[in-house]
Each structure stands twice: as C-alpha cells, then as structure tokens.
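Notes to accompany the following structure.
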Amino acid sequence: MFKITLPDPSLILLLGASGAGKSTFARRHFQATEIISSDHCRALICDDENNQAVNAEAFALLHHLTQLRLQWNKLTVIDATNLQTAAREPLLKIAQEADISCVALVLNISTVRCVERNRNRIHRVVPDEVIEQHQRELLEARARLPHEGYAALYELSETEIAETRVERIFPLKS
Numbered sequence: 439m440f441k442i443t444l445p446d447p448s449l450i451l452l453l454g455a456s457g458a459g460k461s462t463f464a465r466r467h468f469q470a471t472e473i474i475s476s477d478h479c480r481a482l483i484c485d486d487e488n489n490q491a492v493n494a495e496a497f498a499l500l501h502h503l504t505q506l507r508l509q510w511n512k513l514t515v516i517d518a519t520n521l522q523t524a525a526r527e528p529l530l531k532i533a534q535e536a537d538i539s540c541v542a543l544v545l546n547i548s549t550v551r552c553v554e555r556n557r558n559r560i561h562r563v564v565p566d567e568v569i570e571q572h573q574r575e576l577l578e579a580r581a582r583l584p585h586e587g588y589a590a591l592y593e594l595s596e597t598e599i600a601e602t603r604v605e606r607i608f609p610l611k612s
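Numbering of the sequence shown is given in our numbering, commencing with residue 439 and proceeding in unit increments.
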C-alpha cells in the first residue's frame with residue numbers, strides 16, 4: 439500500500455503523458471466536483487474535448503474555476519498533462535494567491551503502456567508521437583518539479599498507482 443497524504447484544502451496537479459491514467463486516478467480518489475479537467479473544459483466550450491483550437495479558452499476556464507474553488511477553500515484536482523512549466527506556473531500562482539498548498543502527483547508510466555491504453559480508448563485517442571513527446575516532456579518536468587515550490591511531490595509507478603491510498607489532512611479549527 440502506497441499512501442499519499444494531502445492537505446485539504448489544496449491544489450493537486452496531476453502530471454503524466456496521455457494514457458498514463460490521470461483521469462482514472464482522479465475519479466478513483468476524488469469527488470467529481472473536485473476534478474477540473476482540461477478535456478472537459480474544451481468540451482464545455484465547443485462540445486469537443488479533442489478540439490485543440492480552443493485550448494486558450496479552455497485553460498482560461500480551468501484557471502478561473504480553480505481560482506473560484508480555492509477561494510472557497512475546496513480541494514481541487516487539475517486533470518491535465520501539466521508537463522510544461524508554462525502550464526504549471528499559473529496554477530502555482532493561483533494557489534499561492536489563495537494561500538493554499540499545491541501538490542504535484544506524477545504518474546510515471548512507460549511509453550509502451552501509455553500507447554497501449556491510448557489505443558484502447560473510445561474517445562480522445564492521440565497519435566503515438568504525441569505520447570512519445572509527452573514522455574520527453576515528463577522527463578524534463580521531473581527534473582524541474584523539486585524546484586518549483588510544491589508543498590509535496592509524489593511520483594508513482596504503475597504498481598504504486600494501483601496500490602495508492604489517498605489520505606486527507608484537515609486543518610485544525612481554532
């Protein structure tokens with residue numbers, strides 16, 4: 439059993455290539471209302487979670503929803519690849535402005551496994567080359583994450599993901 443301890447409230451950034459199991463992990467461990475997905479934000483805007491043409495609008499919506507939830511002291515999970523520093527920086531800033539801890543959860547799954555899972559999807563299938571690029575970006579991100587200011591950083595292998603238990607720590611009420 440692998441235990442992850444999360445402050446509640448906090449902002450949780452899931453990191454991983456397409457097919458790493460971020461959405462599955464989020465659904466398994468968090469309430470639907472706690473999860474903000476970049477795919478879902480794209481779908482809300484144009485009824486198509488695959489439409490990359492609305493990325494700017496989708497991430498503006500994702501950031502706005504994150505800001506609102508943190509203002510209400512609600513644990514919030516960001517279900518997106520979060521592989522680039524430019525994607526993580528605004529989320530870290532939102533958490534800092536709300537005085538809420540930010541935690542990074544890296545799903546470190548092999549390229550072969552991500553490609554296999556991706557090919558078995560009904561929706562949101564991405565080209566193999568995109569997954570390979572994501573894996574290169576993940577390698578770079580893993581080197582940068584310890585220096586970005588997270589309250590906690592977890593890196594999970596496929597085995598650890600299957601055995602993970604999430605525990606929440608609530609602040610003491612005064």
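All residues carry an ideal CB built from backbone N, CA and C; glycine is no exception. What you are looking at is a predicted structure, and each value in this text was computed from that prediction instead of being measured.
Item	Value
From Ile473, Gly454, His501, residue whose alpha carbon lies closest to that of Ala533	His501
Span separating the alpha-carbon of Tyr473 from that of Thr514	Strictly speaking, residue 473 in this sequence is Ile, with Tyr absent from that position. C-alpha separation (whole angstroms): 6 angstroms.
Sub-9 angstroms separation of Leu452 and Glu605 beta-carbons	no
Boundaries of the alpha helix (DSSP H) in which Glu527 is found, first to last residue	523-535
Where Lys531 falls, given that 16 or more other Cβ within 10 Å makes a residue buried	exposed
The beta strand (DSSP E) enclosing Phe440, as first and last residue numbers	440-445
Residue ranges of each beta strand (DSSP E) within the region 560-595, 3 or longer	590-594
Simplified DSSP assignment, three categories, for Glu598	helix
Assigned exposure category for Asp517 - 16 Cβ within 10 Å defines buried	buried
Rounded separation between Gly587 and Lys441 - CA only	21 angstroms
One or two residues paired with Ser548 in a DSSP bridge	Its beta-bridge partners do not exist; DSSP assigns none.
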